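As you go down the protein sequences, you meet chains A and B in turn.
Mapping of the first sequence onto the numbering used here: residues 5 to 142, in sequence order.
Mapping of the second sequence onto the numbering used here: residues 5 to 142, in sequence order.
The beta-carbon is built from N, C-alpha and C at its ideal position, and this holds for glycine as well.
Keep in mind the model is a prediction, meaning the values are calculated, not measured.
2 protein chains.
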Amino acid sequence: MKIILEDLLEELKKNNIRLSHQRLKVLEFLVLNQCHPTADQIYNGLHKEVPTLSKTTVYNTLNSLTEANLVRVINIEDNETRYDINTFNHGHFKCQQCKEIYDFGIDIDSIYTDDLNGFKTTDKNVYFKGVCPKCSNA
Amino acid sequence: MKIILEDLLEELKKNNIRLSHQRLKVLEFLVLNQCHPTADQIYNGLHKEVPTLSKTTVYNTLNSLTEANLVRVINIEDNETRYDINTFNHGHFKCQQCKEIYDFGIDIDSIYTDDLNGFKTTDKNVYFKGVCPKCSNA
DNA sequence: TTTCTAACTTGTAATGATTACAAACTAATA
DNA sequence: TATTAGTTTGTAATCATTACAAGTTAGAAA
């Protein structure tokens with residue numbers, strides 16, 4: 005599924021989030037860099053192009069976008085929060101060697117359990133860890 | 005499934021981890037408090053009984069136990085690492101209101117995807133968030 | 001277009017979890 | 001019981017994230 009910046013802007017308007025220069029740049033970065041970047045990577049990636057950008061703004065923006073369900077937070081590792089512009093139903097695999105995070109398709113809704121009867125589930129995440137084929141063959 | 009301290013000690017020996025007083029106390033705490041405590045909660049919970057205990061030791065111990073696969077790390081929230089003595093195949097549900105983490109049974113291995121052919125998977129986590137029945141009815 | 005204001009941005013300082021380090025201590029073996 | 005590698009401890013350092021207050025701006029309204 006392709007992510008289109010125009011659709012995201014539409015969503016921002018719906019959520020009453022102002023289309024500031026900084027926010028558009030962060031969004032654009034996330035669309036162009038779907039490698040699950042950290043806040044720091046986003047900040048560094050945009051710093052040349054938007055020299056006035058502050059790290060606080062990056063965090064603020066990411067929090068706003070998360071609340072509006074435009075980005076998804078990935079907590080696969082305890083010391084780094086990552087952000088994903090792809091909010092469709094999918095899991096994340098992190099290679100312990102090269103540290104890369106791979107998306108994989110799964111139908112999370114097919115995971116069924118009696119244990120959660122009566123629970124309202126709003127957010128589902130599936131995280132796998134291991135070694136990717138590139139690193140296995142190296 | 006019941007967790008028995010003796011079995012854990014056996015595992016420690018197998019992994020060449022010395023049975024120090026502090027480690028035994030941390031392990032005991034995890035067995036008695038299967039509420040997925042944070043390092044801080046473990047430290048505070050043991051402080052009266054083991055006044056010399058330092059927070060560094062708690063972290064060191066948790067890291068050793070994790071490496072030996074005796075405890076499982078839960079990264080359901082970005083600002084808090086939690087620890088689970090129950091290493092059996094199960095998922096975690098966090099209530100956004102009361103903050104409690106519930107275990108739920110699922111067969112994680114039944115989650116199938118073609119996308120991970122060639123990947124070696126060593127660790128699988130399923131995290132759900134939402135509202136638990138207690139909070140829904142309140 | 002201009003004005004207005006709530007919302008946004010910025011830099012600095014604070015917070016809080018986790019780790020680094022080096023000296024003191026101890027489990028377990030011989 | 002002596003030895004020593006592994007462990008513990010307290011303090012200081014690190015690093016990601018947030019708080020805050022002053023300056024700036026998007027976007028509505030005149």
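7 Å Cβ cutoff met for residue i and residue j
i, j, result
"residue 43 of chain B", "residue 30 of chain B", "no"
"residue 101 of chain A", "residue 57 of chain A", "no"
"residue 66 of chain A", "residue 87 of chain A", "yes"
"residue 144 of chain A", "residue 16 of chain A", "Lying before the first or after the last residue shown, residue 144 of chain A is absent from chain A, which here runs from 5 to 142."
"residue 82 of chain A", "residue 79 of chain B", "yes"
Assigned exposure category for residue i - 16 Cβ within 10 Å defines buried
i, result
"residue 136 of chain B", "buried"
"residue 55 of chain A", "exposed"
"residue 104 of chain A", "exposed"
"residue 14 of chain B", "exposed"
"residue 53 of chain B", "exposed"
"residue 122 of chain B", "exposed"
"residue 99 of chain B", "buried"
"residue 132 of chain B", "buried"
DSSP bridge partner residues for residue i (one or two, in chain order)
i, result
"residue 78 of chain B", "B:86"
"residue 99 of chain A", "A:134"
"residue 125 of chain A", "B:134"
"residue 42 of chain B", "B:86"
"residue 25 of chain B", "DSSP lists no partner for residue 25 of chain B."
"residue 94 of chain B", "B:109"
Chain B contact for residue i (CB, 7 Å cutoff)
i, result
"residue 113 of chain A", "no"
"residue 62 of chain A", "no"
"residue 129 of chain A", "yes"
"residue 30 of chain A", "no"
"residue 41 of chain A", "no"
"residue 102 of chain A", "no"
"residue 124 of chain A", "yes"
"residue 55 of chain A", "no"
Residue-chain proximity (residue i, chain A), Cβ-Cβ < 7 Å
i, result
"residue 87 of chain B", "no"
"residue 70 of chain B", "no"
"residue 18 of chain B", "no"
"residue 117 of chain B", "yes"
"residue 110 of chain B", "yes"
"residue 133 of chain B", "yes"
"residue 82 of chain B", "yes"
"residue 59 of chain B", "no"
"residue 79 of chain B", "yes"
Bounding residues of the alpha helix (DSSP H) (the contiguous stretch that carries residue i)
i, result
"residue 105 of chain A", "Residue 105 of chain A -> not in any alpha helix (DSSP H); beta strand (DSSP E) instead, spanning 105-109."
"residue 58 of chain B", "Premise fails: residue 58 of chain B is in no alpha helix (DSSP H) and is neither H nor E."
"residue 18 of chain A", "9-18"
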